[in-house]
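**Student:** As given, the protein sequences belong to chains G and L, one line each in that order.
Here the first sequence stands for residues -13 to 100, where the numbers follow my numbering.
Here the second sequence stands for residues 18 to 132, where the numbers follow my numbering.
The structure follows.
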Amino acid sequence: AQTVTQSQPEMSVQEAETVTLSCTYDTSESDYYLFWYKQPPSRQMILVIRQEAYKQQNATENRFSVNFQKAAKSFSLKISDSQLGDAAMYFCAYRSRAGNMLTFGGGTRLMVKP
Amino acid sequence: GAVVSQHPSWVICKSGTSVKIECRSLDFQATTMFWYRQFPKQSLMLMATSNEGSKATYEQGVEKDKFLINHASLTLSTLTVTSAHPEDSSFYICSASYRGTDTQYFGPGTRLTVL
């Protein structure tokens, strides 16, 4: 079974600075998807970014980018120019290409200091 | 696009009663819907997966008779918590995906409080 680990329960960043959230996963599969979801205080889960394992190029979405290291099974999220609205819980998630279930990490609470 | 709604957003009920939560995909046909439970300050725990027109597949440890899931159409799934007890109080989140996508789209969640 796949497992997803987020080793940082909490992180804080100064507004306008850059922060990196860590995620590692364990799988024996070679083809899969990885996601970062944001859950703000409203608790609505919002997709931040997705990565396909067979693509070597790191995904980017505006201020959000990932560092995908397949051999190391690492999938970190970098948030540039942090904004107050980035404060939220961030969940890393894994999905097998063959399946449809998401396996979530335990989450990282990001605080943004003005 | 890919908007999922849930209703109600918050429900309070008495112990022993049943509560139904609706999950709707508003602008796409959801071939698969998922139900999660989230305790405070914890991650999402998958309860069950349902495909339209089929019986739901429940995760280990989730009581099928207590958490009834129906996915009768391509835009609607319901979760009924039967004979609710205080320990069933939690935040319930649904998500949906459509054929050809690898992404789940989440509803806003329903907070259930059982008195």
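Each residue gets a CB set at the ideal place from its N, CA and C atoms; glycine is no exception.
So for Glu(-4)/G, helix, strand or coil by DSSP?
**Tutor:** The residue labelled residue -4/G in the question sits at position 10 within the first sequence. DSSP places Glu(-4)/G within a strand segment (E or B) once states are collapsed to three.
**Student:** So is Pro125/L in contact with chain G if we call contact Cβ pairs under 8 angstroms?
**Tutor:** Taking the first residue of the second sequence as position 1, residue 125/L is located at position 108. Judged by the 8 angstroms Cβ criterion, Pro125/L is in contact with chain G.
**Student:** Which residue or residues does DSSP assign as beta-bridge partners of Val98/L?
**Tutor:** Taking the second sequence and counting its residues from 1, one reaches residue 98/L at position 81. Per DSSP, Val36/L, Phe84/L.
**Student:** For Glu15/G, which residues does DSSP report across the bridge?
**Tutor:** The sequence position of residue 15/G within the first sequence is 29, counting from 1. Under DSSP, Glu15/G forms no beta bridge with any residue.
**Student:** Rounded to a whole number of angstroms, what is the C-alpha to C-alpha distance between Leu63/G and Asn86/G?
**Tutor:** By 1-based counting over the first sequence, the position of residue 63/G is 77. By 1-based counting over the first sequence, the position of residue 86/G is 100. So the two alpha carbons sit approximately 22 angstroms from each other.
**Student:** What is the DSSP secondary structure of Glu47/G, counted as helix, strand or coil?
**Tutor:** On the first sequence, residue 47/G is found 61 positions in, with the first residue counted as 1. Residue state, collapsed to three classes: strand.
**Student:** Within 10 angstroms of its Cβ, does Trp52/L collect 16 or more other Cβ (buried), or is it exposed?
**Tutor:** Within the second sequence, numbered from 1, the residue matching residue 52/L stands at position 35. With 16 or more Cβ atoms within 10 Å of its Cβ, Trp52/L is classed as buried.
**Student:** For Thr66/L, decide whether its Cβ has a neighbour in chain G, counting only Cβ atoms nearer than 8 angstroms.
**Tutor:** Here residue 66/L refers to the residue found at position 49 when the second sequence is read from its first residue. It does; some Cβ of chain G falls within 8 angstroms.
**Student:** Along chain L, which residues have their Cβ under 9 angstroms away from the Cβ of Leu63/G?
**Tutor:** For the purposes of this step, residue 63/G is identified with residue 77 of the first sequence, where counting begins at 1. Neighbours of Leu63/G on chain L: none; closest Cβ ~16 angstroms, over 9 angstroms.
**Student:** Among all the DSSP beta bridges, which residues are the ones paired with Gln55/G?
**Tutor:** On the first sequence, residue 55/G is found 69 positions in, with the first residue counted as 1. Ser60/G.
**Student:** Considering only residues of the same chain and omitting the five flanking positions on each side of Thr10/G, which have a CB-CB separation below 6 angstroms?
**Tutor:** Within the first sequence, residue 10/G is the residue found at index 24, counting from 1. Taken in chain order, the residues that qualify are Thr(-9), Lys59, Ser60.
**Student:** Can you tell me whether Thr46/G is buried or exposed? The criterion is at least 16 other CB atoms within 10 Å of its CB, across all chains shown.
**Tutor:** Reading the first sequence from its first residue, position 60 is the one you call residue 46/G. With fewer than 16 other Cβ atoms within 10 Å, it is exposed.
**Student:** Does any residue of chain L bring its CB to less than 8 angstroms from the CB of Gln43/G?
**Tutor:** Residue 43/G sits at position 57 when you count from the first residue of the first sequence. Not an interface residue.
**Student:** Pick helix, strand or coil for Leu70/G, following the three-state DSSP scheme.
**Tutor:** Translated into the one-based positions of the first sequence, residue 70/G becomes position 84. If DSSP states are grouped into helix, strand and coil, Leu70/G belongs with the helices.
**Student:** Excluding five sequence neighbours on each side, which residues of the same chain lie with their C-beta closer than 8 angstroms to the C-beta of Ser35/L?
**Tutor:** Stepping through the second sequence from its first residue, residue 35/L is reached at position 18. If we look at Ser35/L and ignore the five residues flanking it on each side, its Cβ neighbours are Thr97, Val98, Thr99, Ser100, Ala101.
**Student:** Tell me which residues of the region 75 to 91 of chain G have at least one Cβ-Cβ distance to chain L shorter than 8 angstroms, keeping chain order.
**Tutor:** Those would be Phe77, Arg81, Arg83, Asn86, Met87, Leu88, Phe90, Gly91, in chain order.
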